[in-house]
Amino acid sequence: MRPQHGTIQTGLLLALVSLLAGCGKQTPAPGATGARTDYPLPDPPLVSTCEPGQHGGRLVISTFADPKTFNPITANEQSSLDILRFFFSGLVDYDYTTLSPRPALAESWSVEPDQKTWTFKLRRNLWWSDGHPLTADDVVFTWQVIYDPNIDNVTADAFRIDGKNFEVTKVDDHTIKVITPDIYAPFLIYFGGQAIIPKHILSSAVATTNFASAFGVNTPPEQLVSSGPFKLKEYKPAQHVLLEKNPYFAMTDKNGLRLPYLDNVIFTIVPDMNTMTLRFLDRGESDVLEFVRPDEFEKFKTKAKEGRFAVHDLGPGLEKSFIFFNQNTNANPKTGKPYLDEKKQKWFRNTKFRQAIAHAIDRETIAKNILGGRAVPNYGYVSQANAKWHNSNLVEYPFNLDRSRTLLKEIGIEDRNNDGKLEDAEGNKIEFLFQTISGNPLRESIAVVVISDLKKLGLEVSKQTVDFNKLGDMIRVTRDFDCVLFTLGGGDTDPTSSMNVIKSDGFTHLWAIRQSTPFTDWEARMDYLISAQVKTLDFPTRKKYFDEVQEIMNREQPFIYTVSSLHAAAARSDLKNIRPSVIPSYRLTWNIEELYYQKKP
Numbered sequence: 200m201r202p203q204h205g206t207i208q209t210g211l212l213l214a215l216v217s218l219l220a221g222c223g224k225q226t227p228a229p230g231a232t233g234a235r236t237d238y239p240l241p242d243p244p245l246v247s248t249c250e251p252g253q254h255g256g257r258l259v260i261s262t263f264a265d266p267k268t269f270n271p272i273t274a275n276e277q278s279s280l281d282i283l284r285f286f287f288s289g290l291v292d293y294d295y296t297t298l299s300p301r302p303a304l305a306e307s308w309s310v311e312p313d314q315k316t317w318t319f320k321l322r323r324n325l326w327w328s329d330g331h332p333l334t335a336d337d338v339v340f341t342w343q344v345i346y347d348p349n350i351d352n353v354t355a356d357a358f359r360i361d362g363k364n365f366e367v368t369k370v371d372d373h374t375i376k377v378i379t380p381d382i383y384a385p386f387l388i389y390f391g392g393q394a395i396i397p398k399h400i401l402s403s404a405v406a407t408t409n410f411a412s413a414f415g416v417n418t419p420p421e422q423l424v425s426s427g428p429f430k431l432k433e434y435k436p437a438q439h440v441l442l443e444k445n446p447y448f449a450m451t452d453k454n455g456l457r458l459p460y461l462d463n464v465i466f467t468i469v470p471d472m473n474t475m476t477l478r479f480l481d482r483g484e485s486d487v488l489e490f491v492r493p494d495e496f497e498k499f500k501t502k503a504k505e506g507r508f509a510v511h512d513l514g515p516g517l518e519k520s521f522i523f524f525n526q527n528t529n530a531n532p533k534t535g536k537p538y539l540d541e542k543k544q545k546w547f548r549n550t551k552f553r554q555a556i557a558h559a560i561d562r563e564t565i566a567k568n569i570l571g572g573r574a575v576p577n578y579g580y581v582s583q584a585n586a587k588w589h590n591s592n593l594v595e596y597p598f599n600l601d602r603s604r605t606l607l608k609e610i611g612i613e614d615r616n617n618d619g620k621l622e623d624a625e626g627n628k629i630e631f632l633f634q635t636i637s638g639n640p641l642r643e644s645i646a647v648v649v650i651s652d653l654k655k656l657g658l659e660v661s662k663q664t665v666d667f668n669k670l671g672d673m674i675r676v677t678r679d680f681d682c683v684l685f686t687l688g689g690g691d692t693d694p695t696s697s698m699n700v701i702k703s704d705g706f707t708h709l710w711a712i713r714q715s716t717p718f719t720d721w722e723a724r725m726d727y728l729i730s731a732q733v734k735t736l737d738f739p740t741r742k743k744y745f746d747e748v749q750e751i752m753n754r755e756q757p758f759i760y761t762v763s764s765l766h767a768a769a770a771r772s773d774l775k776n777i778r779p780s781v782i783p784s785y786r787l788t789w790n791i792e793e794l795y796y797q798k799k800p
């Protein structure tokens, strides 16, 4: 599960927009010299089921945040993941419309009766975009990197059972064996979908403990090799990221035509979401808008009648929009100073304080006045859209400032001098900084409504908007924040995609990241539950464990939820093979390799 910059993104399924494979005869390895026009396809081939299309064209997508890295192991922000999904493939692919796995780099797989021993058979004639063979060595290397204690990354959180790593070994150049410490229920989709990275390029970075900066945004394009449908051609900060098709991408359509169909994809970096709308809706300067803002949905529907583009109404999504407080109790190892002032620790770490704030969120007003009625109040970690895992027996926190005052008074916070402001038992005025990302007008408007009601309650709250990447560093690195309005998305419907959020030592355990031991008993209980649910194939047992996780989150309110939006996206009418899905944040381009422009006769 990963933070999002645009919508109101966990993600382990980065590589699931990956290799399907190709059609044709096995061909010799690439030559060392000369420009190639006939690139080898894998053996055996796998043909896309898409409607055959036509080559050519450039897809333009607007975004308002620069990528922070091109490294798929360390990336944890949507601005990077939106681009990385085009670069790297996994052993297994995933169809976001049928929610089913399908072969990718691996032609086949099998599992022993113990359900813990898996064998993957790689296709032959797999190549990186620089013409270097892709083999079992790259797969084993990828997992060595993920489990390297010197490499801090979001990925490893979901691939340990009781603190034990998976055992990944090479049988031969085209065979990998994986042994898990226990049964791992979502193994095929999660392990299989992990992006594989190139050993021949990155092994030196690991050896010199420089991996965290490898495949950074300053990496020359020719050194950033890929196995997905596209590779990097050019990156100009604050301007654009230009991709070009990977000639070694191992997919063809039913007619044997090599994919992707598109020649280029370009992400144009704009100041904010208003500019994203302007470029698509009014100027026609972008071709896809994956997130049509709820407050602009009717305007898009009206404009779509002109025929230039189509709007796809997708319904509720999986994203989680919420407020969270800093609950870190330890000190910055560099400065020796506590991450959070002691009096604020006392407030923020009190369950009743957070429950009081939950009752001070006017979700109905947010849904109606800010999101144009295209949202519903939310009180739980799992969206109602995820019916399989949603716990419907959660406590609601309706807007009620009187209830908020009662809860605060129970912990010694009240107006002690009749000035309309709340103080704690020591006379400290309750004041804090409320932060959210800049460039997202919806989130900024929500922040204004929330802060207004908190002030009515008697709290002193100041608003600050922060650049997306900077805010991420403040949460994960310096941890110098009070309260943040945020969104998580990505991942999929399975609870295992939330391991990095739920576990106390998780990379995205936002309210108190990377705890060496759980700060609280309720966090320790969630550690046990989220780990236990992967070790059984019995769905009712998994559901029982994850239901309790949701109940703890609902009671303790580390995330104070706001609303769940109804989602929509838009794309040019002549862009074909679109298969919309609300599961990923890239709702119309998850199958980018299959998209094409229908040429006029």
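Residues 200 to 800 in our numbering are what the sequence shown spells out, letter by letter.
Beta carbons are placed, not taken as given, at the ideal position from N, Cα and C, and that holds for glycine.
Bear in mind the structure is a predicted one, so any value in this text is a computation, not a measurement.
Own chain residues within Cβ distance below 8 angstroms of residue i, not counting five before or after
i    : result
S247 : L219, M450, T451, D452, K453, L458, E792, E793
T374 : T318, F319, K320, L321, A335
H511 : A767, A768, A769, A770, I777, P779, R786, L787
I360 : T379, P380, D381, Y383, S730, V733, K734
Residues near residue i in its chain [Cβ-Cβ closer than 7 angstroms; skip 5 each side]
i    : result
S661 : L632, F633
L283 : L213, F269, P271, A274
R778 : T296, N790
G705 : D356, M698, N699
S780 : Y295, T296, R786, W789
W721 : I751, E755
R602 : H558
Residue i, DSSP secondary structure in three states
i    : result
F547 : helix
A768 : strand
D601 : helix
T686 : strand
A624 : coil
A220 : Legend: pLDDT at A220 = 31, less than 50; position of this residue unreliable, no value from coordinates given.
K444 : strand
L653 : helix
W317 : strand
I759 : strand
R185 : This structure leaves residue 185 out entirely; the chain is present only between 200 and 800.
T467 : strand
K542 : helix
T635 : strand
S780 : coil
H426 : Reading the sequence as shown, one finds Ser at residue 426 and not His. Note: S426 maps to coil in three-state DSSP.
D336 : helix
Other residues of its chain near residue i: CB distance less than 6 angstroms, five sequence neighbours each side excluded
i    : result
W342 : V367
S279 : P266, K267, T268
G233 : With a pLDDT of only 39 at G233, under the threshold of 50, the placement of this residue in the model should not be trusted; the figure read from the coordinates follows. Counting only Cβ-Cβ distances below 6 angstroms, and skipping sequence neighbours, we find nothing.
L670 : I636
D652 : A559, D561
N364 : Y346
H399 : H331
R675 : I712
M725 : I701, V748, I751
Assumed close pair residue i, residue j - CB separation to whole angstroms, cut-off 8 angstroms
i    : j    : result
L517 : R786 : Not a contact, Cβ separation roughly 11 angstroms.
R562 : V762 : 5 angstroms
K542 : N627 : 5 angstroms
L480 : G256 : Contact flag wrong, Cβ pair sits at about 21 angstroms.
L656 : R604 : 7 angstroms
L488 : A769 : 5 angstroms
N585 : T692 : 5 angstroms
F547 : N525 : 6 angstroms
K742 : W588 : 7 angstroms
Beta carbon proximity, residue i to chain B, threshold 9 angstroms
i    : result
L477 : Annotation note: the requested chain B is absent from the structure, which comprises a single protein chain.
Mind pulling the alpha helix (DSSP H) runs of 4 or more residues that sit fully within the segment 493-540? For the segment 493-540, the continuous alpha helix (DSSP H) assignments of 4+ residues that do not extend past its boundaries occur at 496-503, in sequence order.
What are the uninterrupted segments assigned as beta strand (DSSP E) that are 3 or more residues long and contained completely in the segment 351-412, given in chain order? Complete beta strand (DSSP E) runs here, min 3: 366-371, 374-378.
Three Cβ pairs or more, each shorter than 8 angstroms: is that satisfied between the segment 370-385 and the segment 432-445? Taking a contact to require three or more Cβ pairs closer than 8 angstroms, the segment 370-385 and the segment 432-445 do not qualify as touching.
Is there contact here, the segment 535-545 with the segment 589-604, by at least three beta-carbon pairs under 8 angstroms? The segment 535-545 makes no contact with the segment 589-604, as fewer than three CB pairs between them are under 8 angstroms.
Counting pairs of beta carbons, one from the segment 560-580 and one from the segment 647-660, are three or more of them closer than 8 angstroms? Cβ pair count under 8 angstroms is three or more, so yes.
Write down every uninterrupted run of the beta strand (DSSP E) in the segment 557-616 whose length is 3 residues or greater and which is fully enclosed by it, in chain order. Unbroken beta strand (DSSP E) stretches of 3 residues or longer found wholly inside the segment 557-616: 574-576, given in chain order.
In the segment 664-749, which residue ranges form an unbroken beta strand (DSSP E) of at least 3 residues, counting only runs that do not cross its ends? Listed in chain order, the beta strand (DSSP E) runs fully inside the segment 664-749 are 682-688, counting runs of at least 3 residues.
Beta strand (DSSP E) runs wholly inside the segment 257-305, at least 3 long, in chain order: Entirely contained in the segment 257-305, the beta strand (DSSP E) runs reaching 3 residues are, in chain order, 257-262, 291-294, 299-302.
Sufficient close CB pairs (3 or more, under 8 angstroms) joining the segment 346-358 to the segment 694-709: In this structure the segment 346-358 lies against the segment 694-709, because at least three pairs of beta carbons, one per stretch, are closer than 8 angstroms.
Check whether the segment 318-337 touches the segment 297-308, counting contact only when three or more Cβ pairs, one atom from each stretch, lie closer than 8 angstroms. Because the criterion of three Cβ pairs below 8 angstroms is met, the segment 318-337 and the segment 297-308 touch.
Is it true that the segment 603-618 meets the segment 551-560, where meeting means three or more beta-carbon pairs spaced less than 8 angstroms apart? A contact exists between the segment 603-618 and the segment 551-560.
Is the segment 466-475 close to the segment 730-750, with three or more CB pairs under 8 angstroms? No: the two stretches stay apart, fewer than three of their Cβ pairs being nearer than 8 angstroms.
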